[in-house]
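One structure is given below, encoded as structure tokens.
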Amino acid sequence: MINKIEKLLELSKNTARIALDKLVWLDDEDEKRYSFDEDIAREAKAVADIIIENVILEQLIPTGIDILSEESGAISGDGNSTLKFIIDPIDGTINFVRGISKCSVSIALFDGDKPLFGVIASYPDCVIAWGGNGIGSFLENTKLKVSTIYDLNKGVLCTGFPSRFKFDTQSILLQVELMSKFGKTRMLGSASQSLLQVAKGAVECYSEKDIMLWDVAAGIAIVEGSGGRVLTTQGSSDFSLDVIACNCVNATNVINFKK
Numbered sequence: 021m022i023n024k025i026e027k028l029l030e031l032s033k034n035t036a037r038i039a040l041d042k043l044v045w046l047d048d049e050d051e052k053r054y055s056f057d058e059d060i061a062r063e064a065k066a067v068a069d070i071i072i073e074n075v076i077l078e079q080l081i082p083t084g085i086d087i088l089s090e091e092s093g094a095i096s097g098d099g100n101s102t103l104k105f106i107i108d109p110i111d112g113t114i115n116f117v118r119g120i121s122k123c124s125v126s127i128a129l130f131d132g133d134k135p136l137f138g139v140i141a142s143y144p145d146c147v148i149a150w151g152g153n154g155i156g157s158f159l160e161n162t163k164l165k166v167s168t169i170y171d172l173n174k175g176v177l178c179t180g181f182p183s184r185f186k187f188d189t190q191s192i193l194l195q196v197e198l199m200s201k202f203g204k205t206r207m208l209g210s211a212s213q214s215l216l217q218v219a220k221g222a223v224e225c226y227s228e229k230d231i232m233l234w235d236v237a238a239g240i241a242i243v244e245g246s247g248g249r250v251l252t253t254q255g256s257s258d259f260s261l262d263v264i265a266c267n268c269v270n271a272t273n274v275i276n277f278k279k
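Per our numbering, the sequence shown starts with residue 21, numbered consecutively.
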């Protein structure tokens, strides 16, 4: 089993590089064309999302492993494994199409609900991060480790308002209360990039409510591989999660996971 997982990790890293190389060349206006979802008002989809998904699926479908993708949903494998790939072709679509900041190609492998490893390919800096519990986490050849800042007043929080965030008074007040615990707050527009900052030790904590599983799957594994702690609870819709990832073992004290 271990040898199989190692081979799947190498496949995922190679797939992420292929997808990243393709992303670099998507400069055409038609490829960056996007629209907002009719049902989820703040959910943006671009032609590039489908192009990159096709690149990834071409590599992963032959494994026979189930796949959950943001764009295509559930894709059944041969039914002989409890393993599942969870992919987000472009996490941070608006960042990509508008040229705002970083985005990611995100690939994770889960065994049931357990993350085994994650791979994050960052654009436009074109670097690959990967890791998982028992594997360690790396950015190219550099080992990643969470920070040692435990005073939240001196710490940095990464957060955001995902497409399914409910902008009711209680949710907003809870978000502001959380942000007030930290010295600084940053919103990067990409959950995978935010989790990568926790794994790198660049920030102390990441938290979002109702973020989608494919947005965070790879990043969760990488944070765990770098010595961090991740807590998740079910969100308000299918495949959505309330997530907190911290450098500290007492992460449960940072936020109260209330619906």
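Quick reminder that beta carbons are idealized off the backbone N, C-alpha and C, glycines included.
Item, Value
"Please determine, among Asp131, Gly132 and Phe116, the residue with the shortest C-alpha to C-alpha distance to Val125.", "Phe116"
"If we call anything under 8 Å between Cβ atoms a contact, is Glu244 one with Gly156?", "no"
"Mapping DSSP to helix, strand and coil, what is Tyr143?", "strand"
"Return the CA-CA distance between Ser260 and Asn161, expressed in angstroms with no decimal places.", "32 Å"
"Taking only runs of the alpha helix (DSSP H) that begin and end inside the segment 198–227, which ones reach a length of at least 4 residues, in chain order?", "211–220"
"Here's a check: name, in chain order, each residue in its chain whose Cβ is nearer than 6 Å to the Cβ of Gly247, leaving out the five neighbours to either side.", "Lys165 and Val166"
"Cβ atoms of Val176 and Leu159: under 8 Å apart, would you say?", "no"
"Among Gln79, Glu228 and Asp188, which has the Cα closest to the Cα of Ser212?", "Glu228"
"Could you tell me which uninterrupted beta strand (DSSP E) segments, each at least 3 residues in length, are contained entirely in the segment 109–133, listed from first to last along the chain?", "123–131"
"Less than 8 Å between C-beta atoms, sequence neighbours within five positions excluded: which residues of the same chain meet that for Gln79?", "Leu31, Asn34, Thr35 and Ile38"
"Based on Cα-Cα distance, which residue from Ala68, Ser121 and Trp150 lies nearest to Trp45?", "Ala68"
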